[in-house]
Amino acid sequence: MQWAEPDLITTSSVLKFEAGTENRGSGSRLRTETKGTAVPLKADKAFKREIDQLHVQCIEHINNCHWNGTIKDYQVVRSQLETHYLTATHQQILILLLLKFQDLTRLWTKDTTTTSNIDNRSQDSDLASHASVNELYSELQKAYETSTVWTKGTHTLMLDMERISSESLRNNTLIQSLYNEISQVKMSIAEGDSNYAAIGAKQETIQQELSSLKEKVDDIEMTSFDGTLIWKVTDVANKMADAQSERQTSIYSPVFYSSPVGYKMRVRLYPYGDGNARRTHMSLFFVLVRGEYDAVLIWPFSRKVTFCLFDQSGQNRHVIDSFKPDVKSNSFKRPQSEMNIASGIPKFFPLPMIQQDGNNYVKDDTMFIKVVVDFNDMPKMILPYTLGLNPGLPPHVQHYLIQQEIQKRLQAASTSATSNVGTCN
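Mapping the sequence shown onto the UniProt record's numbering, position 328 (from 1) lands on 328, and the numbers just tick up by one.
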């Protein structure tokens, strides 16, 4: 299909652009033909816009070109003719024209056969025309064959394009499906990570609770409920160094009780001394701790407290000291906070003796302190015997031996008193 300048059909005139139009002023020169008379016009912008909007159809409409539109659009179409000639639509129309021309040529050949009686001059002219037509027909036949190949190739390409388009659509659908699955997997992984983090946090909490519970169980297993405590102090050298540098000046013992429902108590040790005793003596204090049964106990606390630092040489040269609570002190009233203020013996043991190499009170960097709260009003003379008993004996055995020792000493004292009376007489 060829494209040509359109005929601009109006109700009163036919307008055509002049070839080689000159620009003069603000418009182009146009020529209008009205009833065969040419009148020069000078087009302004409004006139040009009106012309641009005139509706026209392609001059090739007689050859099956269906384009129609405005002059302005037609100018754009004209600039795209080279691309249009390569389209399948143009090729198909061209083939149709060739086929029509082939049919007309065959009809014309038959007509020339029936007019063989024409004069020689006309016949020579017709023969020449016929030869020319045959040559043109041969060329058209070649063009037709080429167009047929192009048409088949175009059809194959169209089928391939449809197949590729269909495959592309399937691939896009598959890709989208895979993308959705990947998104779901990512969400699952994120949820798994979140759950794993939550599980890790719970495990850490459970581990802490188990550790705390184990400490409580250990404390219960080691807890004394008879008013006595044997405290094993380990890592003495480091604790002494921490106290000297004031990183940690004191340490607490485990709690112990006077009975399962009795007073709750503990001991506070200052390895490098406290107050006026700092740098000279090891200080040892008694602490009342708030307990569950304080409401039914007798206050203030008034029982004598005895401290004993064990001699680990087996010679029983224990360091023993006692004090009687000051019932007017807040330290021995019913605890209102977690613990009362500690009270006891600031100058319990001289530091030079505890720091001396090879002393009998620290062995393997460990020392043992025993605390006895006297609820039996035990005679002072019996304390050394009590503290010298084997700590490995069951409490009831220790109690039996202590009572025996008390009776023995009372009898000895009574015998001694009787002898003194007889001598005097």
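Glycine included, every Cβ here is placed at the ideal spot set by N, Cα and C.
Cβ-based neighbour list, T156, same chain, cut-off 8 Å, excluding 5 preceding and 5 following
If we look at T156 and ignore the five residues flanking it on each side, it has no Cβ neighbours.
Where residue 463 falls, given that 16 or more other Cβ within 10 Å makes a residue buried
There is no way to answer for residue 463, as the model of the chain reaches only from 1 to 425.
What would DSSP say about K304, mapped onto helix, strand or coil?
Strand at K304.
To which residues of the same chain is D321 closer than 7 Å at the C-beta, ignoring the five residues directly before and after it?
Only F307, I345 and F348 meet the Cβ criterion.
I'd like the span of the alpha helix (DSSP H) that includes G69, first residue to last.
For G69, no alpha helix (DSSP H) run applies; the uninterrupted beta strand (DSSP E) run containing it begins and ends at N68 to T70, by DSSP.
Rounded C-alpha distance that separates R268 from W299:
Near 21 Å, if we compare the C-alpha coordinates of W299 and R268.
Extent of the continuous alpha helix (DSSP H) run through F332
If you look at F332, you'll find it isn't in any alpha helix (DSSP H); DSSP assigns it neither H nor E.
Can you tell me the Cα-Cα spacing of K328 and S302, whole angstroms?
The straight-line gap from Cα to Cα measures roughly 10 Å.
Could you tell me whether the Cβ of Y385 comes closer than 8 Å to any Cβ of chain D?
The structure shown contains no chain D; it holds only a single protein chain.
Strand pairing of residue 426, partner residues [DSSP]:
Because the chain in this structure spans residues 1 to 425, residue 426 falls outside the shown range and cannot be described.
Thinking C-beta only, is I402 closer than 8 Å to W231?
Pairing W231 with I402 gives a Cβ-Cβ distance that is not under 8 Å.
Should the segment 355-365 be called in touch with the segment 308-316, which here means at least 3 C-beta pairs below 8 Å?
With the cut-off at 8 Å, the segment 355-365 and the segment 308-316 touch.
Skipping 5 residues on each side, what residues in its chain have a beta carbon closer than 7 Å to that of D52?
These residues qualify, in order along the chain: T70, I71 and K72.
Would you identify the three-state DSSP class for S322, choosing helix, strand or coil?
Here S322 carries a strand assignment [DSSP, helix/strand/coil].
Check R266 in the structure and name its three-state DSSP category.
In this structure, R266 counts as strand in the three-state DSSP scheme.
Among all the DSSP beta bridges, which residues are the ones paired with V373?
Residue pairing by DSSP places V373 opposite V305 in a beta bridge.
Using C-beta distances below 6 Å, list every residue in its chain close to D294, excluding the 5 sequence neighbours before and after it, in chain order.
Taken in chain order, the residues that qualify are R334.
Within 10 Å of its beta-carbon, does M187 have 16 or more other beta-carbons around it, so buried, or fewer, so exposed?
Exposed: under 16 other Cβ atoms inside 10 Å.
Residues in the same chain with beta-carbon distance under 6 Å from G388, minus the five sequence neighbours each way, listed in chain order, please.
Cβ within range, chain order: N316.
For T366, which residues does DSSP report across the bridge?
The partner list for T366 (beta bridge, DSSP) reads K363.
In whole angstroms, what is the alpha-carbon distance linking E191 and Q208?
Going from the Cα of E191 to the Cα of Q208 covers about 25 Å.
Just to confirm the assignment, what range does the alpha helix (DSSP H) spanning T386 have?
For T386, the enclosing alpha helix (DSSP H) has its first and last residue at L383 to G388.
Taking its Cβ as the centre, do 16 or more other Cβ atoms sit within 10 Å of S183, making it buried, or is it exposed?
It is exposed - the Cβ of S183 has fewer than 16 other Cβ atoms within 10 Å.
Do you know offhand how far S337's Cα is from S343's?
Spanning the alpha carbons of S337 and S343 requires a straight line of approximately 16 Å.
Could you work out which residue in I199, L107, S212 and P260 is closest to T223 when comparing CA atoms only?
Each of I199, L107, S212 and P260 was checked against the Cα of T223, and the nearest Cα belongs to P260.
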